[in-house]
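J.: The opening residue of the sequence shown carries number 0 in numbering that gives the first Met the number 0; numbering runs sequentially from there. Submitted below is the structure of interest, expressed as structure tokens.
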Amino acid sequence: MSDDWRRVRARSLLGELDVRVDRRGRIVGLRFGDDTDAAAVGDDRVQALMDRWFADGELEAGAIDWPRGSPFQNVVWQAAQAIARGTTCSYRQLAASIGRPRAVRAVAAALAANPILLLVPCHRVLGSDGALRGYAGGLVRKRRLLVIEGALSD
Numbered sequence: 000m001s002d003d004w005r006r007v008r009a010r011s012l013l014g015e016l017d018v019r020v021d022r023r024g025r026i027v028g029l030r031f032g033d034d035t036d037a038a039a040v041g042d043d044r045v046q047a048l049m050d051r052w053f054a055d056g057e058l059e060a061g062a063i064d065w066p067r068g069s070p071f072q073n074v075v076w077q078a079a080q081a082i083a084r085g086t087t088c089s090y091r092q093l094a095a096s097i098g099r100p101r102a103v104r105a106v107a108a109a110l111a112a113n114p115i116l117l118l119v120p121c122h123r124v125l126g127s128d129g130a131l132r133g134y135a136g137g138l139v140r141k142r143r144l145l146v147i148e149g150a151l152s153d
């Protein structure tokens, strides 16, 4: 545990989540918990936040301490936030949306560095051919997320 955050566990439709929460209770990191530390404990508030996100994609205001990366990463992560639940876009489309149409690989690298999976919805970004491409939670989870959100059929 850090002095600035603590690790908590939450359950989801896709398995355990490893959530980092700051002193004010805001989410500062989120990963799938395949290797969740046994010391991480459950937290009713975080569980309620995750339940709501899976139900309708919403979070209460102030629930997240939005990540800070490089200026480029911040722009990419903000653009990813604009991808509506139930829709997808390609890495190329996302690059074009930030005015950097040739920066497809840089966009993919920025998404790979996303510290708050699900909430910065990098899972909604696909290859130009519509194929599922890399996802820190694995391609099976990426597909399941897109089915849950209504972007893909089962």
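Ideal Cβ placement from N, Cα and C applies to all residues, glycine included.
(1) In whole angstroms, what is the alpha-carbon distance linking residue 84 and residue 148?
(2) Using beta-carbon positions only, say whether residue 69 and residue 81 come within less than 9 Å of one another.
(3) Just checking my contact of residue 14 with residue 32 at CB under 8 Å: how many whole Å lie between their CB atoms?
(4) Using CA coordinates, which residue listed in 12, 133, 28 is at the minimum distance from residue 67?
(5) Tell me residue 97's beta-bridge partners as DSSP assigns them.
(6) Considering only C-alpha positions, which residue in the set 5, 79, 128, 112 is nearest to residue 120?
T.: Let me spell this out:
(1) Residue 84 sits at position 85 when you count from the first residue of the sequence shown. Residue 148 sits at position 149 when you count from the first residue of the sequence shown. Roughly 6 Å between the two C-alpha positions.
(2) Your numbering for residue 69 matches position 70 in the sequence shown. Your numbering for residue 81 matches position 82 in the sequence shown. Contact: no.
(3) For the purposes of this step, residue 14 is identified with residue 15 of the sequence shown, where counting begins at 1. For the purposes of this step, residue 32 is identified with residue 33 of the sequence shown, where counting begins at 1. With 8 Å as the limit, residue 14 and residue 32 qualify as a contact, their Cβ atoms being about 7 Å apart.
(4) One-based indexing of the sequence shown puts residue 67 at position 68. Ranking the options by Cα distance to residue 67, first place goes to 28.
(5) Here residue 97 corresponds to residue number 98 of the sequence shown, with the count starting at 1. Answer by DSSP bridge pairing: none, since residue 97 is not bridged.
(6) Numbered from its first residue, the sequence shown carries residue 120 at position 121. Comparing Cα positions, the closest option is 79.
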